[in-house]
Structures are given as C-alpha cells and as structure tokens.
Amino acid sequence: MLHIVNKSPLMNSALETCLNVATGGEVLLIEDAVYAATVGSTFEPRLRDALVKFKVYVLQPDLDARGMGDKLVAGVTAVDYSGFVDLTINNNSCQSWL
Amino acid sequence: MSDVKKFMFVNRKAPYGTIYALESLEVVLITAAFDQDVSLAFLDDGVYQLKKGQQTKGIETKNFSPTYRALEDYDVEKLYVMKESLDARGLSEDDMVVPVTVLSSAEMGALMDQQDVVLSF
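Order-wise, the sequence lines are chains A and B.
Its first residue numbered 1335, the first sequence is counted upward by one per residue in my numbering.
Its first residue numbered 2, the second sequence is counted upward by one per residue in my numbering.
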C-alpha cells in the first residue's frame, strides 16, 4: 500500500494519523508534507521513528520549490514525477490522506 | 495624512500548498498603494514563505519569494517573524530571504494589539 500525504505535519494531523493507523508499506510526502522530512523540524523525531515501519519518499520538485532541498532527513528517498508514477504502479493500492 | 491606519497581515500558511501566501502578498501591495501603515507578521508555517532558495521550476508555479525583497520599494519595511515558529522548523533569521525582525510570541501579541486592522491569511 502506498500512502500519500500532502499536508504540513505541524498544521494538520493527516501525517500523524497516517503513521499511527497504517500498518506499514510506503509513504510518499508531497506538497506541504515535504516539510515533515526536513532537518530541525519538531516533527523530525516522529519521522525518524516512522522510518522503522515505513519506506518514506518525498517528491523532489516540491522540496526544491520550498527551498528545502538541502535539508532532507537521511533515510528518506527523494523521487521525481516519474518516480511518483512508479510508486503508484508498484503498489496494489494507494491511499491519499487528505 | 490623518487617516492612515495600521494594517497588519498575519501569514500562517506555507507557500504553494495553498493560494493564501500569494493572495496575502497581492493584498499587501494593494494596501501599500494607499499609503497605509503596513506590517507583515509570519507565524507557524507562514515563516516558510520567507525561506531562502526556493526553486519552483519543477512544480511549474511562479516563485513569488523574490517579491518580498521588492516590498521595501513600496515602503513596506515592517516584517515580523515569530521566534517560536522559526525554532520549531529548524530555521533561523539567516534562512530568511529578506531582513526581518524576530519577535517572541508575547511581543507579537502586543504588536497585534496596536493595529487598527488585522487581516489573516
């Protein structure tokens, strides 16, 4: 299962709930959710915990747009748009945590 | 002019994920054209609006962060950033694309009390 989250972790509980409810699999952070995978955020420890249970990806263009390209937390994989497509193809299902 | 009012724009949302940050900037420029006393406040995810190094080519969206640097040409020079919000995001004053004044939440609250009009985005 691919879990897609697009909300900032400090302003919305979507990612927190996703990480608590989902049993595992892959998590793709897009749009404002990319801030969750940046060094120094108060969410960083929570994300590092999640790396044990999930494979976590961020969408590189969204990270770059926000000026956060050099702050990606180690262990998180950056993908481009074709990588996004590959993730949706390689998983049996997708869930968007809107 | 005696009818100058103190306007504060309170920005609490990250850029690009929603349209709020860009819309705020548009209204700030309009207000400045009317020679009002304009302040901008950045709280919570709003501080991300001022992050240096934004590169939006990949999302095919206009990078409006350089516009904050043009604000002084419109005599908009009061930019306030809340310290607690920077700290929570691992950011510092050096990460900001323009010179800002960093305030504690208590100082920010006091500044809000002085305004005639507060507009939230």
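Every residue gets a Cβ at the ideal spot worked out from N, C-alpha and C, and that includes glycine.
Within the segment 49 to 72 of chain B, the residues whose Cβ lies closer than 9 Å to some Cβ of chain A are Y49, K52, K53, G54, Q55, Q56, T57, K58, G59, I60, E61, T62, N64 and S66, listed in chain order. With the criterion set as a beta carbon lying under 8 Å from some beta carbon of chain B, the members of the segment 1336 to 1347 of chain A are N1340, K1341, S1342, L1344 and M1345, in sequence order. In the structure shown, K53/B adopts coil according to DSSP, grouped into three states. For the segment 1355 to 1376 of chain A, the residues whose beta carbon sits under 9 Å from a beta carbon of chain B are, in order, E1365, D1366, A1367, Y1369, T1372, V1373, G1374, S1375 and T1376. Bridge partners of N12/B according to DSSP: F43/B. A residue is called buried when at least 16 other Cβ atoms come within 10 angstroms of its Cβ; P1343/A meets this threshold and is buried. The alpha-carbon separation between A1367/A and D4/B amounts to approximately 43 Å. In the three-state DSSP reduction, E1360/A falls in the strand class (E or B). Taking every protein chain shown into account, the CB of I1338/A has 16 or more other CB atoms within 10 angstroms, so this residue is buried.
Within chain B, no C-beta atom comes less than 7 Å from the C-beta of D1420/A; the nearest is roughly 17 Å away. Going by C-alpha positions, S1427/A is about 29 Å away from A15/B. Within the same chain, M1335 come within 6 Å of G1359/A by CB-CB distance, once the 5 residues on both sides are set aside. The Cβ neighbour count for F35/B, taken over all protein chains shown within 10 Å, is under 16; the residue is labelled exposed.
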